[in-house]
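Under this note's numbering, the sequence shown is numbered contiguously, ending at residue 965. For every residue, glycine included, the Cβ atom is placed at its ideal position computed from N, Cα and C. All values reported here derive from a predicted model rather than from experimental measurement. Here is the structure we will look at.
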Amino acid sequence: MRIGIFFGGQSREREISFAGGRTVYDNLNKSIFEAVPIFIDSVGHFILLDWQFIYKGTIRDFYPPVDYMPSSKYPIQVYAESLSQLNETDWENLISQVGKKISPDQLSKYIDFAFLALHGPYGEDGNIQGILEWYGIPYSGAGILPSAIGINKIAQKQLISQSGFAVPKSRTLSRNEWDNYKKEEIYTTLKSHIGLPMVIKSPHQGSSIGVSILNDDDDVEQFHQLIQKSFFIQEIVSEEWQALNENDKIKFIARLVDIREGVGLPVQVGKELIYTPDALIEFLDRNTSNHQGKIQLQSLQTENELLIESFIEGKEFSCIVIQDEDGNPIALPPTEIRKGKDVFDYRSKYLPGISRKITPINEDLDVIEDIRKSCSRLFKALQINVYARIDGFIGKDGEIYLNDPNTTSGMLPSSFFFHQAAEIGLNPSQFLSYIIRTSLAERLKTGKNHIAIQKMINRLDDGLSALKTQEKKKINVGIIMGGFSTERHISVESGRNIFEKLSSSEKYFPIPIFLTGDETKHELYVLPINIMLKDNADDIKEKLSNYHSHPIIEQIKFECQNITEKYVAHSITSFQKIAYHNLTDLIDVAFIALHGRPGEDGAVQQELEKLNIPYNGSGVESSQVTINKFDTNKKLRDHGILVADHRLVYEEEWIKEKDSTLESIEKQLKYPLIAKPADDGCSSAVKKIKNRKELEAFAGMMFRPEPQFIEDLANVLQLKRNEEFPQKSFFLLEELIEKKGAQYFLEITGGLLTHYDQSGNINYEIFEPSEALASGEVLSLEEKFLAGEGQNITPARYTKNTSEYKQIAEQVKASLRKTAEILSIEGYARIDAFVRIYNDLKVETIIIEVNSLPGMTPATCIFHQTAINGYKPYDFINEILEFGMERTKKLSVKHED
């Protein structure tokens with residue numbers, strides 16, 4: 069069955085839609101479905117997307133293509149709506165670079181069923197559902213009516229209240245009222261009616277877009293700013309703009325045009341439309357120089373009315389409601405959301421480790437059952453079909469408040485959608501099969517295309533039955549994830565991604581194995597799917613430490629028995645603590661998805677080699693070098709590779725001789741410089757240090773005696789809440805790599821893959837590196853691993869002259885290859901570097917660090933690079949595993965000889 073996956077779209081949540089569509093594409097069972105990616109761009113074109121582009125980190129990394137991007141002096145990527153001068157022919161040519169433009173009436177030529185991973189306006193509002201019904205194509209999820217209700221928070225609120233549910237105090241505020249009445253009067257009226265804190269919502273956006281909280285201690289000025297934010301209006305004070313330096317202006321505009329938190333582009337100023345960051349900066353420079361007061365910028369995608377609600381003190385939860393075989397709603401176990409701040413925003417929702425999810429919610433059984441019954445009742449009251457995500461609160465008074473039913477849930481691997489389905493034993497691939505089968509049954513009830521849809525149901529049922537009776541020996545792959553480094557959460561994301569890629573294959577059977585403990589003792593656990601899909605590594609560890617079979621989970625499993633019997637062939641149902649020696653009976657090969665220590669230091673590899681178990685990545689000796697950035701740099705410098713000037717700072721010398729140590733550092737390295745852990749992952753605690761005060765703060769944080777942050781030092785370093793910052797006995801300082809007279813200067817990250825030739829020698833396949841664009845002073849954890857966050861251009865833009873490109877690219881690749889050979893890298897790796905390109909095409913590649921087990925999250929750029937060489941993620945993972953198994957065979961033969 070051809071499944072068209074509709075993703076992207078025109079809403080402010082298009083990046084999460086894009087990432088969710090990729091998850092669906094990878095997880096559809098390849099034995100019964102053919103995945104067909106239908107990308108919808110931000111101006112509404114339907115595009116049959118070439119598969120290579122599915123694995124880009126963000127939409128802007130490939131669309132619009134670079135050739136069509138407006139020329140810019142600034143590192144700010146834009147979406148297609150910034151292309152203001154294109155005619156229809158131009159659009160046809162542009163789209164042809166990424167796929168094929170199709171019209172809605174052509175869809176039936178390419179797909180049998182539409183899986184909707186679209187969010188917000190034009191995706192969850194009944195529009196796309198209406199188009200698909202018109203052309204006779206069955207689709208996933210809710211129908212037109214519940215979708216139209218689900219997108220409008222104001223209409224929802226009225227219907228929820230009329231259906232007898234508790235609702236918080238609320239008022240609406242129209243744009244007309246806001247523009248024509250005194251702000252102080254509006255503030256006073258709302259404060260009197262609703263009280264503080266109050267929640268301000270954009271009613272047609274997703275649950276984390278355009279939402280703010282006005283707190284007790286906030287004043288009318290803060291109220292004014294938050295209302296403007298939810299209307300997607302930004303006011304620029306002329307004097308404040310003029311006071312910014314160029315870098316601060318770029319950062320400000322980058323935030324302003326961010327469609328998730330800012331106004332976005334194009335913006336309207338009076339009657340003028342501004343389409344690009346460059347034009348906006350030029351406009352503000354010109355108009356603030358001779359203008360005192362404020363300039364108002366407004367999004368074209370604004371709101372006409374806002375919803376203002378009283379803040380509910382209590383526990384926040386989210387509950388997925390599905391349907392049984394007879395169409396009756398079943399509420400899955402509700403998840404409690406514990407977040408670091410009042411609003412469950414984009415970063416909290418989608419970056420592992422920032423917030424916590426507890427399933428089921430930590431409440432008495434009767435309260436949990438009341439939540440489930442309420443969610444099921446609302447599901448029926450709003451006539452929702454197939455599934456929905458219903459958010460709510462339990463107030464301190466015990467009242468249950470439901471709000472914001474979402475008819476399309478986020479579909480990232482750890483989202484509520486998959487997280488709660490795992491509690492009843494469905495892995496992502498099986499849950500997607502369930503959604504498709506249930507959606508077909510719902511479309512059958514509309515009376516349209518009855519015979520055709522019934523045939524599809526029959527074919528799908530035959531395919532599902534065949535899956536359960538297949539008896540095919542697969543290769544057991546132990547996916548080792550977690551660990552105890554600062555990148556343990558990213559490791560879980562990597563491990564889950566490997567699990568998903570392999571679980572829908574016909575060759576491998578993935579077994580998730582969680583590693584915890586400390587450097588003196590590794591603890592290993594085989595995980596069932598529900599624990600593997602917990603939000604992050606700490607949640608998994610806590611669940612293992614305090615495991616008990618929750619009666620609500622057992623009850624829901626019983627209620628869903630007909631579903632699991634239909635879709636699940638065999639699965640691991642409970643966790644099992646094991647030792648390394650148990651692995652020989654459990655797995656054929658290991659995929660180490662760990663980052664930092666252990667994993668990238670050779671410790672796990674040593675244990676696997678004792679058992680003759682093949683594994684991915686470099687061997688023990690190479691890993692022991694590359695884990696230490698200082699040793700790596702020294703070895704590379706000794707072999708003629710360019711590296712940053714560097715030195716280590718030890719806790720003992722810092723405490724005993726702080727002043728002389730500082731003098732020595734400042735004599736060797738000038739500010740600004742880079743400080744980072746010397747033996748950890750590539751993203752945690754990497755800081756640009758601009759002065760002695762920041763250096764002292766970094767050392768104080770690194771050498772702190774307790775895990776808790778030292779608040780004054782954390783503030784100096786501007787650390788985010790819940791940011792990972794390790795405790796170490798030493799750290800690394802490096803010079804800041806600068807342009808130094810080069811014509812072009814850029815940061816790159818390049819992946820590689822190794823192969824054996826016929827003689828048994830290792831060959832290096834060097835991929836086209838990606839150019840990394842940092843929004844801040846260094847690349848953040850989010851930019852490297854969070855879907856929709858990082859900006860990577862693949863291949864890197866070494867020069868604007870295409871005739872010179874190959875010559876430059878080959879020099880860079882040669883440096884990466886030489887680096888890999890010096891360090892004896894095997895399997896695969898990622899190398900980070902800076903590149904200087906001079907007028908005579910001389911190239912300097914300065915190596916920053918080597919990752920022997922690079923991140924394998926869905927959004928990581930190594931998949932963009934492998935796609936250019938024709939590897940889908942599964943193909944790349946298969947090559948990595950095949951090399952590891954071949955290496956073990958060769959070593960076994962060598963030992964026998």
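What are the start and end residues of the beta strand (DSSP E) that includes residue i?
i      : result
Val166 : That residue, Val166, is in no beta strand (DSSP E); it is neither H nor E in DSSP.
Met266 : 266-269
Met549 : 543-550
Ser838 : 838-841
Pro41  : Limits of the chain in this structure are 69 at one end and 965 at the other, which puts residue 41 out of reach.
Ile456 : Correcting the residue type first, residue 456 is Ala in the shown sequence and not Ile. Looking at the DSSP string, the run of the beta strand (DSSP E) that includes Ala456 is 455-463.
Thr913 : 911-919
Cys387 : 382-391
Leu592 : 589-594
Tyr207 : Element bounds for Tyr207: n/a, residue is neither H nor E.
Glu404 : 403-406
Gly818 : 812-824
Lys26  : Only positions 69 to 965 of the chain appear in the structure, and residue 26 is not among them; the question remains open.
What is the rounded straight-line gap between the Cα of residue i and the Cα of residue j?
i      : j      : result
Glu950 : Gln933 : 19 Å
Phe567 : Pro428 : 24 Å
Gln629 : Ile462 : 29 Å
Gly856 : Lys634 : The predicted position of Gly856 is uncertain, since its pLDDT is 49 and thus under 50; no value can be drawn from it.
Ala671 : Thr822 : 22 Å
Ser110 : Ile681 : 48 Å
Glu253 : Thr344 : 36 Å
His272 : Lys297 : 14 Å
Asn946 : Thr91  : 18 Å
Ile816 : Lys250 : 52 Å
Phe853 : Phe552 : Summary for Phe853: the model assigns pLDDT 48, below 50, so the residue's position carries little reliability; its value from the coordinates is reported in the next sentence. The straight-line gap from Cα to Cα measures roughly 18 Å.
Asp825 : Asn831 : 7 Å
Gln290 : Asn283 : 9 Å
Val267 : Arg239 : 11 Å
Val325 : Gln336 : 12 Å
Gln879 : Val911 : 7 Å
Leu186 : Lys726 : 56 Å
Ala148 : Pro132 : 6 Å
Leu162 : Pro402 : 45 Å
Phe86  : Ser732 : 50 Å
Gly194 : Leu200 : 10 Å
Phe114 : Ala399 : 34 Å
In the DSSP assignment, find the alpha helix (DSSP H) that holds residue i and state where it starts and stops.
i      : result
Pro619 : 619-627
Tyr178 : 175-178
Asn220 : Where Asn220 is concerned, there is no enclosing alpha helix (DSSP H), given that its DSSP letter is neither H nor E.
Leu781 : 779-784
Thr506 : 496-512
Glu561 : 556-571
Tell me, please, which residues DSSP counts as bridged to residue i.
i      : result
Ser280 : Ile268
Ile106 : Phe74, Leu116
Gly232 : Paired residue(s): none; Gly232 is not in a bridge.
His714 : Glu802
Leu583 : Gly550, Leu592
Phe902 : Glu815, Ile914
Leu528 : Answer is none; Leu528 lacks a bridge partner.
Measuring only between beta-carbons, confirm whether residue i sits less than 8 Å from chain C.
i      : result
Ile170 : Absence of chain C from the displayed structure is noted, only one protein chain being present.
Using a Cβ-based criterion (distance less than 7 Å to any ligand heavy atom), does residue i qualify as near the ligand MN?
i      : result
Phe291 : The ligand MN is absent from the structure shown, which contains no ligand whatsoever.
### Query
Counting Cβ pairs, one atom from each stretch, are 3 or more of them under 8 Å apart for the stretch 207-221 and the stretch 179-194?
The count of Cβ pairs closer than 8 Å, one atom from the stretch 207-221 and one from the stretch 179-194, reaches three, so the stretches are in contact.
#### Entry: Inside the stretch 729-759 only - beta strand (DSSP E) runs reaching at least 3 residues
Listed in chain order, the beta strand (DSSP E) elements of length 3 or more contained wholly in the stretch 729-759 are 741-744, 755-757.
### Task
Let me know the alpha helix (DSSP H) ranges lying completely inside the stretch 319-383, each 4 residues or longer, listed in chain order.
Entirely contained in the stretch 319-383, the alpha helix (DSSP H) runs reaching 4 residues are, in chain order, 345-357.
### Query
Taking one C-beta from the stretch 365-372 and one from the stretch 293-313 each time, how about it: are there three or more such pairs within less than 8 Å?
Touching, yes, given that three or more Cβ pairs across the two stretches are closer than 8 Å.
### Query
Below 8 Å, can you find three or more Cβ-Cβ pairs linking the stretch 692-699 to the stretch 719-735?
By the C-beta criterion, the stretch 692-699 is judged not to be in contact with the stretch 719-735, since fewer than 3 inter-stretch pairs fall below 8 Å.
### Query
Touch check for the stretch 318-331 and the stretch 385-392: three-plus C-beta pairs under 8 Å?
Verdict: no, contact absent.
### Task
Tell me, please, whether the stretch 597-605 touches the stretch 481-495 by the rule of three or more beta-carbon pairs shorter than 8 Å.
Yes, the stretch 597-605 touches the stretch 481-495.
### Query
Counting Cβ pairs closer than 8 Å, one from the stretch 901-908 and one from the stretch 934-942, do we hit at least three?
Result no; under three Cβ-Cβ pairs closer than 8 Å.
### Query
Are the stretch 577-597 and the stretch 639-658 touching by the rule of at least three beta carbon pairs closer than 8 Å?
The stretch 577-597, when compared against the stretch 639-658, does touch it at the 8 Å Cβ threshold.
### Message
Runs of 3 residues minimum, wholly inside the stretch 637-700: which ones carry the beta strand (DSSP E) assignment?
### Response
Counting only runs of 3 or more, we get 644-646, 657-660.
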